[in-house]
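**Student:** Sending over a structure as structure tokens; questions will come in a sec.
Residue numbers (this note's numbering): 12 to 118.
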């Protein structure tokens, strides 16, 4: 796989004790990590993303953390949760499938 060269170069150049990486379960099964000598650790829980009221723009959930909302949305109520405030402003959320967590350890 083409990805093996950058990973091997990184290991040779930096001599890390370990590397942790994640594979997006929507698109990948992580098999390339096995080929690179990584071991599967666990599956993470699914994450959510916000989608604009017109359903055209997807936003990482970190963009709309509650402490940032008063500067980002028109109608903000500090008594409501992040999700309630986002709904009040016409946003919806979608969920991904989580990630596979992989680790490589030096010998």
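The beta carbon of each residue, even a glycine, is placed where N, CA and C say it ideally should be.
None of these values were measured; they are calculated from a predicted model.
Looking only at C-alpha atoms, which of 78, 103, 53 sits nearest to residue 35?
**Tutor:** 53
**Student:** Examine the Cβ distances between the segment 84-97 and the segment 42-50 and report whether three or more of them are shorter than 8 Å.
**Tutor:** no
**Student:** Tell me, please, which residues DSSP counts as bridged to residue 41.
**Tutor:** DSSP lists no partner for residue 41.
**Student:** Any Cβ of chain C within less than 8 Å of the Cβ of residue 108?
**Tutor:** Any reference to chain C falls outside this structure, which holds one protein chain only.
**Student:** Could I get the ranges of all uninterrupted beta strand (DSSP E) runs contained in the segment 21-86, with 3 residues as the minimum, in chain order?
**Tutor:** 29-35, 50-54, 59-62, 69-71
**Student:** Less than 8 Å between the CB atoms is what I'm expecting for residue 58 and residue 107, so what's the real figure, rounded?
**Tutor:** 5 Å
**Student:** Between residue 99 and residue 116, what straight-line distance do the alpha-carbon atoms span, to the nearest angstrom?
**Tutor:** 47 Å
**Student:** If you run the structure through DSSP and keep just helix, strand and coil, what is residue 100?
**Tutor:** The answer is coil: DSSP assigns residue 100 none of H, G, I, E or B.
**Student:** Quick one: grab the DSSP three-state call for residue 118.
**Tutor:** coil
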